[in-house]
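**Student:** The sequence shown begins at 3 in our numbering and counts up one residue at a time.
Okay, handing you the structure first.
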Amino acid sequence: MDKIKRHAALPALAAAIAILVALAASTYQAKDSGTFEVRDLLGSREAIGDVVIRGELRDGVHQTRFRIEEGRIRADTELFEQPKQAYLYRYVPGSPVRYGGMEYFVQNESSMHTITSRRITEQGYSIPVGSAEVVPPPMRRDPEDPNDGVRLANPPEYGLARIGDSVYYTVPVSSRSIGSSAIYELKFYQWGFRTGIDPQDYAHRKLADIPLDANESGQGTGIEILGLEAVGDRLALIFAENGALHVRSYDVHTGEPLGEATVPEFRLPAREGDSGASGVASFYEGYEAYPDHERSTLTLNFRRGSSVANRIDMTALSFGFSGGVKLADRTDLSFSDGEEDTYSGISLLSYRDGKLYAIRSYRGPETEQPRALFDIVRPKHLYAYVYEQSRLIYKGEIVTDWNEDNIRAYNQSPYQGSFGYDQTDYRYFTNIVVE
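Put into structure tokens, the structure is as follows:
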């Protein structure tokens, strides 16, 4: 009897292996069964015919690379032999900023700003390697002013920029700062060895002085440094002064100013001494920066207050840095295509050849409220917008049937409690490029 059982087990094992092989083959073939298409929602697709839009839809076990060229889309899916950890990075105010394989964190104290450089490993975590310190300028004190304690116009990391291996920093001071600030090329000492160094050996190179006289006059709103950006081999200082936005370019070798562009009617909210005309839009201090080093352009995206529910209002300002600084384009943007995905969403602007290209992703509307309790699993939609002379001339959606991951959420027990937000398990758009 035992001999019969042993012989009977062999066909059962073979059948089980055959089932597993069939399932594996079916799964592998399914990688090419997804659909990707460009769906035109407004205007002609010819508007994107001059550029290439490429990117990925991925999770920890697969990635689908897509490419739109001359208005046609191609997609190719790769299944990983082993699951890969998803290293999703999205900057939020107060977090480190990344340049290449490094990230930089600024510790903001009243008497000292400490910048820590960290090397990003292949495993996705970072290791501290260096530190640098910058003393902020003094402040004008007025205990009766409700803004007396506001030291910075933006989070301190807005003052960081990197060109090649050189890191530059300026304190993004508010209008409370007086005296003089500066742009420095930082010299880092080895992290963790502060007590054993001679400060003279790690003195920063002062690239340029930034006078803050406008903050001492008591007239107007003064000067506020919003940030520092790199455009090719130049630095761009972004600052607001008396109701206008200024972008000033510097040579990184000599510190000489190379030009300046001014955008009038640029008001920051609730500023002391602001006597601007009513009805002029105000802009939030935080901005998104999109440099194009090859074309020597910089696009700054500022948010505006919106009077319409569920609508995002912005203004994109594109500057050219060839032969100085020039405002090349100003476009007001309004988006209402879904809920903004602040966790894994895409936001990209690219100005080229007189057109502004915007790529943005949103979470789809909740259609099964009782079942989908977690917003991360809702379908992700990726849109392309094209503006010319401040007018929307094209809108399209990159449509795929692989943009949702709701099966686990729908079948999860309500008694399980927590729900993981690990991007290894859930698909997201990433590495979107317009070229």
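From the three backbone atoms N, C-alpha and C, an ideal C-beta is built for every residue, glycine too.
(1) Give me the Cα-Cα distance between residue 89 and residue 431, rounded to the nearest whole angstrom.
(2) To the nearest angstrom, how far is the alpha carbon of residue 105 from that of residue 166?
(3) Run the CB neighbour count on residue 157, radius 10 Å, all protein chains shown included, and call it buried at 16 or more, exposed below.
(4) What residue range is occupied by the uninterrupted beta strand (DSSP E) comprising residue 138?
(5) Would DSSP call residue 242 helix, strand or coil?
(6) Per DSSP, what are the beta-bridge partners of residue 173 in this structure?
(7) By the three-class DSSP mapping on this structure, what secondary structure does residue 387 have?
(8) Where are the beta strand (DSSP E) runs, 3 residues long or more, that stay fully inside the segment 303-339, in chain order?
(9) Does any heavy atom of the ligand GTP sit closer than 6 Å to the C-beta of residue 125?
(10) For residue 343, count neighbouring C-beta atoms within 10 Å of its own C-beta (all shown protein chains included) and say buried if the count is 16 or more, exposed if not.
(11) Roughly how many angstroms lie between the CA atoms of residue 265 and residue 240, to the nearest whole one?
(12) Within a Cβ cutoff of 8 Å, which residues of the same chain sit near residue 75, ignoring the five residues on either side of it in sequence?
(13) Mark residue 331 as exposed unless 16 or more other C-beta atoms lie within 10 angstroms of its C-beta, in which case mark it buried.
(14) Measuring alpha carbon to alpha carbon, tell me which of 425, 63, 95 and 98 ends up nearest residue 82.
(15) Nearest-angstrom Cα distance between residue 226 and residue 78?
(16) Going along the chain, which residues of its own chain have a beta-carbon closer than 7 Å to the beta-carbon of residue 99, five neighbours each way excluded?
(17) Going by the DSSP bridge assignment, what does residue 217 pair with across the sheet?
(18) For the beta strand (DSSP E) that residue 431 lies in, which residues bound it at each end?
(19) In whole angstroms, what is the alpha-carbon distance linking residue 53 and residue 292?
(20) Under 8 Å by Cβ, that's how I've got residue 44 and residue 396 pegged, so tell me the actual separation to the nearest angstrom.
(21) DSSP three-state label for residue 118, please.
(22) Suppose you measure from the CA of residue 357 to the CA of residue 388; what does that come to, to the nearest Å?
(23) Check for me: the beta strand (DSSP E) holding residue 223 runs from which residue to which?
(24) Could you give the distance in angstroms between the alpha-carbon of residue 260 and the alpha-carbon of residue 300?
(25) Which same chain residues end up closer than 8 Å to residue 179 when comparing Cβ atoms and leaving out the 5 residues on each side of it in sequence?
(26) Run the CB neighbour count on residue 320, radius 10 Å, all protein chains shown included, and call it buried at 16 or more, exposed below.
(27) Identify, in the order they occur along the chain, each residue of the same chain with its Cβ nearer than 8 Å to the Cβ of residue 60, setting aside the five sequence neighbours on each side.
(28) Taking just the CA atoms, how far does residue 210 sit from residue 255?
(29) Taking just the CA atoms, how far does residue 304 sit from residue 329?
(30) By the DSSP assignment, the beta strand (DSSP E) with residue 265 in it spans what residues?
(31) Please confirm whether residue 249 and residue 238 have their CB atoms less than 7 Å apart.
(32) Where does residue 402 sit, in a helix, a strand or coil, going by DSSP?
(33) Tell me the DSSP bridge mates of residue 130?
(34) What are the boundary residues of the beta strand (DSSP E) that residue 37 is part of?
(35) What span of residues does the beta strand (DSSP E) with residue 363 cover, start to end?
(36) For residue 159, name the three-state secondary structure that DSSP assigns.
**Tutor:** Working from what's here:
(1) 12 Å
(2) 14 Å
(3) Residue environment for residue 157: buried (at least 16 other C-beta atoms within 10 angstroms of its C-beta).
(4) Where residue 138 is concerned, there is no enclosing beta strand (DSSP E), given that its DSSP letter is neither H nor E.
(5) Strand at residue 242.
(6) Looking at the DSSP assignment, residue 173 forms no beta bridge with any residue, so it has no partner.
(7) strand
(8) For the segment 303-339, whole beta strand (DSSP E) runs of length 3 or above, ordered along the chain, are 314-322 and 328-337.
(9) Looking for the ligand GTP in the displayed structure turns up nothing, as the structure carries no ligands at all.
(10) By the neighbour-count definition (other C-beta atoms within 10 Å, threshold 16), residue 343 is a buried residue.
(11) 11 Å
(12) 38, 39, 40, 68, 69 and 400
(13) buried
(14) For the residues 425, 63, 95 and 98, the minimum Cα distance to residue 82 belongs to 63.
(15) Between the alpha carbons of residue 226 and residue 78 lies a gap of roughly 48 Å.
(16) In chain order, 93, 105, 106, 159 and 162 place their CB closer than 7 Å to the CB of residue 99, counting only its own chain and leaving out the 5 sequence neighbours on each side.
(17) Its beta-bridge partners do not exist; DSSP assigns none.
(18) 430-436
(19) Distance between the alpha carbons of residue 53 and residue 292 is about 17 Å.
(20) Yes, residue 44 and residue 396 are in contact; Cβ-Cβ is about 6 Å, under 8 Å.
(21) strand
(22) 7 Å
(23) From DSSP, residue 223 is part of no beta strand (DSSP E); its letter is neither H nor E.
(24) If I take the Cα positions, the gap works out to 15 Å.
(25) 138, 139, 140, 141, 142, 153, 173, 214 and 217
(26) buried
(27) Taking residue 60 as the centre and dropping the five residues before and after it, the same chain places the C-beta of 66, 88, 429, 430 and 432 closer than 8 Å to its C-beta, in chain order.
(28) 11 Å
(29) 15 Å
(30) 259-265
(31) yes
(32) strand
(33) Residue 130 is bridged by DSSP to 120.
(34) For residue 37, there is no enclosing beta strand (DSSP E), as DSSP marks it with neither H nor E.
(35) Counting along the chain, the beta strand (DSSP E) containing residue 363 begins and ends at 357-365.
(36) Three-state DSSP puts residue 159 in a helix.
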